[in-house]
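The structure appears below as structure tokens.
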Amino acid sequence: MRYVIIGGSAGGIGACEAIREVDPVGEIILISEEPFPQYSRPMISEFLSGKASFEKMKYRGDVFWKENNVELKAGRKAVHLDLKERCVELDNGEKVKFDRLLIATGGKPIIPKTEGIDKRGVFTFTTISDAEKLLAVVKKNQRAVVIGGGLIGVSVAEALVERGVVVTIVELKDRILSLILDEVASRIIRDAMEDSGVTIITGQTVKSITGKYEDNTAVEGVVLSNGEEIPCGLVIFAIGVIPRTELVLGTDIKTNRGIIVDRYMRTNVSDVYACGDVAEVYDFIFGENRVLPLWPTAHLGGRVAGYNMAGKKALFPGGTAMSALNYFRVPVISVGLVNPTNNNEYEVMIQHDSVRKIYRKVVLRHNVIVGFLLVNDIERAGTLFYLMHNFVDVKELGSQLISDDFSLASLPFDIRRNLFMEGTRWMVLPN
Amino acid sequence: MRRILVFEEYCIGCGLCEVYCRVQHSQSKDLIKAYNREQPKPLSRVKLVKAKPVSFAVQCRHCKDPPCVTACLSGAMRRDNDSGLVVHDPDKCIGCWTCIMVCPYTAISINVLGSGVVAKCDLCSTLDTPACVANCPNEALVCEEVL
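For the protein sequence lines, the chains are H and Y, in the order given.
Residue numbering for the first sequence is 1 to 431, as defined by our numbering.
Residue numbering for the second sequence is 432 to 578, as defined by our numbering.
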């Protein structure tokens, strides 16, 4: 049996581990564009700020590939996929045959068409190589404009602030982190960011990037959609990522925004699997497939794919939008639907202590938690996530869910017993 | 490997489990010093949870398929196959709180005063009996060997 995996980040690594749990002898070949793929991509902001060395960023040790008997083709790009011949062609012309294939090519940064994008000083922020390039040029008191106030934007802003850079974030929506936070939570983070000297401009976008008078190839600033000019030496696109589906376009593999997979992580083509940021995976709150570009979801999807590829049935339990944040020293956890629009269908419970800056919000639909948001007091998150993912009727608990003294002891006896007897079932372990 | 069983019906909510857990995870291993002098202040990894009349102690369950390990962004949380323990490496941890998001037991704490990252039960692997179990006056915590 020959397993071929394209992509060596969270999903690819998860798949290697799962395959090896089931099949100790099959051949595993992993193709990665990056020279050293087994690092933690979410940690590139830690790397940029100087909080983490590359050594600390290693998600798995140097011996990982050897230990798991994986043939790593690092620094190689898969350029063509031949489903008929069942082989992957690499950028050096090499053809790699597969019996089972996992596509875990991840996401690529969204870069909208903007005038002046090719100038020196324009960056994206997805891989370690992006972080290294940025690190090579950042200087104290330099000015930077970060385009996008989502997770990537806020993380790169924090790292730049630590480096003494003067940062302005330009966000199209009316608030930062609009996808995962509501107005109150977003304001708490915004205040913390502004206290650290970050300027936040909302409801605007960058129309063009201007060049210097003496050297038009270098960035001098940006022009916003309202015409305002912001001088800066660095521009970072941090709008988000979209699935890197190029490899499968034109093949029989079905895509929507990402590669469509079932709950065994199979694509519509037999023996071909996909996971992670390139795929559209099952969201248990929406009950349908969505692109969920999140590290834990990618790793979990990779593991499920790995088990199934190796012949052990495992079901993807479903993910959802879920983020834990610790930017600008404000702990935040946001899971599921936190900004419901149709108020007739949802019940929203809120506890806001503006003095202690503690904010808790739980969103219910038919007495089941479909989303929650915690700021500055986050340790109950896992219990709420458990109730949510097991669709537990929480009518009895009511406002206790958001009260100061909620704990495991508040749960009804049956739930407590289940939790301690059966443990958690977010992950899927084949029997 | 061993695991800790929790009998809530015997728990009297005295909190000695937290006291001795904190001492065990201190530098000095001395109760008075651990509470009054030591900096950074050591943290108890067991939590006594209460909602009258219910109370019990909860610590990392060392799950077979631990959500915290799958969710961990840095690789700091891992399951040791030989011992069956879920092991946390504070030097690798970046304090992103992703593990806290998925642990239903709320067994992972933010070590605010200490490392600044998370901390959790290590089952006192250097002791014959975990400190919380050894010091529970009413046998509400019991340690047993399992396969």
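Backbone N, C-alpha and C define an ideal beta-carbon position, used for all residues, glycine too.
- Between H:F316 and H:R263, the C-beta spacing is below 8 Å.
- Residue environment for H:E67: exposed (fewer than 16 other C-beta atoms within 10 angstroms of its C-beta).
- A distance below 8 Å between beta-carbons, with the five flanking residues on each side excluded, links H:G336 to the following residues of its chain, in chain order: I285, T320, A321, M322, V363, I369, V370, G371, F372 and M388.
- H:D271 and H:P42 have their alpha carbons spaced roughly 30 Å apart.
- Annotated as proximal: Y:A488 and Y:C442, with beta-carbon spacing under 8 Å.
- Contact note: H:W295 reaches chain Y through L504, using a C-beta cutoff of 7 Å and chain order.
- Y:I525 carries a coil assignment under DSSP once its states are collapsed to helix, strand and coil.
- A straight line joining the alpha-carbon of H:S53 with that of H:E396 spans about 48 Å.
- Chain-ordered, the chain Y residues with CB closer than 9 Å to the CB of H:I378 read W528, I531, M532 and I541.
- H:E27 has H:R2 as its beta-bridge partners, per DSSP.
- Listed along chain Y is no residue with a C-beta nearer than 9 Å to that of H:L249; the closest approach is about 30 Å.
- When C-beta distances to chain H are compared with 8 Å, the residues of the region 439–450 of chain Y below that value are E439, in chain order.
- For H:M57, the uninterrupted alpha helix (DSSP H) run begins and ends at F54 to M57, by DSSP.
- Taking 8 Å as the upper bound for CB-CB distance, Y:G526 and Y:V549 are in contact here, some 6 Å apart.
- With a cut-off of 8 Å on Cβ pairs, the region 103–117 of chain H is in contact with the region 236–247 of chain H, counting three or more such pairs.
- For Y:I525, the residues of chain H that pass the 7 Å Cβ criterion are M43, E46 and A52, in the order they occur in the chain.
- In the three-state scheme derived from DSSP, where H, G and I count as helix and E and B as strand, Y:E576 is classed as strand.
- For the region 448–467 of chain Y, no residue has a beta-carbon sitting nearer than 7 Å to a beta-carbon of chain H.
- Per DSSP, reduced to three states, the secondary structure at Y:A488 is strand.
- For the C-beta of H:Y386, the chain Y residues within less than 7 Å are, from N- to C-terminus, P535.
- Residue pairing of Y:H519 in beta bridges, as defined by DSSP: Y:M508.
- The shortest CA-to-CA distance from Y:N467 to any of Y:V477, Y:R453, Y:L479 and Y:R476 is the one to Y:R453.
- Taking the Cα positions, H:L419 is about 8 Å away from Y:P535.
- About 5 Å separates the CB atoms of H:D277 and H:G106; that is less than 8 Å, so the two are in contact.
- Put simply, the CB of H:Y59 is near chain Y, with a gap under 8 Å to one of its CB atoms.
- In this structure, the alpha-carbon of H:E55 lies about 20 Å from that of H:G12.
- Assignment of H:G211 by DSSP, reduced to helix, strand and coil, places it in the strand class.
- Per DSSP, H:S403 has no beta-bridge partner at all.
- Within chain H, Q400, D405, F406, S407, L408, A409, S410 and L411 have C-beta atoms less than 9 Å from the C-beta of Y:A482, given in sequence order.
- Around the Cβ of H:M193, a 10 Å sphere holds 16 or more other Cβ atoms; the residue is buried.
- Listed along chain H is no residue with a C-beta nearer than 8 Å to that of Y:T560; the closest approach is about 20 Å.
- Cβ contact annotation for H:T124 (same chain, cutoff 6 Å, sequence separation greater than five): P109, D130 and F237, in chain order.
- In the same chain as H:L172, and ignoring 5 residues on each side of it, the C-beta atoms closer than 6 Å to its own belong to T205, in chain order.
- Y:L572 sits buried, since 16 or more C-beta atoms from the chains shown fall within 10 Å of its C-beta.
- Inclusion of Y:L474 and Y:S540 in the CB contact set at 8 Å is warranted, their separation being smaller than that value.
- The C-beta separation of H:N289 from H:V281 comes to about 6 Å, placing the pair in contact by the 8 Å criterion.
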